[in-house]
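Report on the structure given below.
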Amino acid sequence: MKIVRVQDIIGTEREVEGPGWTSRRLLLKKDGMGFSFHETIIPAGAELNLWYKNHLEAVYCVAGNGTITDLATNETHEITDGTLYALDNHDRHILRGGTEDMRLICSFNPPVTGRETHDEDGSYNLSE
Numbered sequence: 003m004k005i006v007r008v009q010d011i012i013g014t015e016r017e018v019e020g021p022g023w024t025s026r027r028l029l030l031k032k033d034g035m036g037f038s039f040h041e042t043i044i045p046a047g048a049e050l051n052l053w054y055k056n057h058l059e060a061v062y063c064v065a066g067n068g069t070i071t072d073l074a075t076n077e078t079h080e081i082t083d084g085t086l087y088a089l090d091n092h093d094r095h096i097l098r099g100g101t102e103d104m105r106l107i108c109s110f111n112p113p114v115t116g117r118e119t120h121d122e123d124g125s126y127n128l129s130e
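Plus 2 on top of the position in the sequence shown (first one is 1) and you've got my numbering.
Below, the structure written as structure tokens:
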């Protein structure tokens with residue numbers, strides 16, 4: 003059994019930051035669960051152009067607000083507390099922070115190793 007507390011991750015190598023996001027990686031590939039599990043903070047007003055071409059991701063909003071735009075359809079969806087979105091087709095998207103910081107709970111398959119940051123096309127490289 004694994005017990006992980008987000009307050010124990012803040013300020014460690016499992017807290018990774020990039021322009022417009024902070025990710026606290028609670029479960030990683032080395033934890034052997036078959037997926038990784040993160041708490042991600044998107045600041046109010048942030049805009050991220052993302053494409054997880056090597057991963058599937060499910061995201062559940064537990065606080066704050068924002069939007070996600072599907073770049074294939076140009077549809078924009080509101081994200082608020084209680085909203086889940088799943089990038090089941092490696093969807094290119096723009097994630098925008100709203101009027102308050104968004105707190106998102108994210109799961110990646112395959113799992114990330116922990117230090118990944120977005121590359122030039124907004125994706126994570128596939129880790130061995």
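For every residue, glycine included, the Cβ atom is placed at its ideal position computed from N, Cα and C. In this text the structure is predicted, and so the values were computed from the model without any measurement.
Looking from the CA of Gly68, the closest CA among Lys32, Gly13, Gln9 and Gly100 belongs to Gly100.
Val6 and Tyr62 have their C-alpha atoms roughly 18 Å apart. Two segments are said to touch when three or more pairs of C-beta atoms, one from each, lie closer than 8 Å; by this definition the segment 3-19 does not touch the segment 76-85.
In the DSSP assignment, Ala60 is bridged to Ala88 and Ser109. Between the C-alpha atoms of Ala48 and Gly84 there is a straight-line separation of about 20 Å.
Excluding its 5 nearest sequence neighbours in each direction, Leu50 has C-beta neighbours in its own chain below 6 Å: Gly22 and Leu97, listed in chain order. Around the beta carbon of Leu86, fewer than 16 other beta carbons lie within 10 angstroms, which makes this residue exposed. Spanning the alpha carbons of Pro112 and Glu102 requires a straight line of approximately 30 Å. By the CB criterion at 8 Å, Ile44 and Leu106 fall inside the cutoff.
For the segment 19-53, the full-length beta strand (DSSP E) segments reaching 3 residues or more read 23-29, 38-44 and 49-53 along the chain.
With contacts defined as CB atoms closer than 8 Å, Leu28 and Phe39 qualify as a contacting pair. Just so you know, the alpha carbons of Gly116 and Leu30 end up roughly 6 Å apart.
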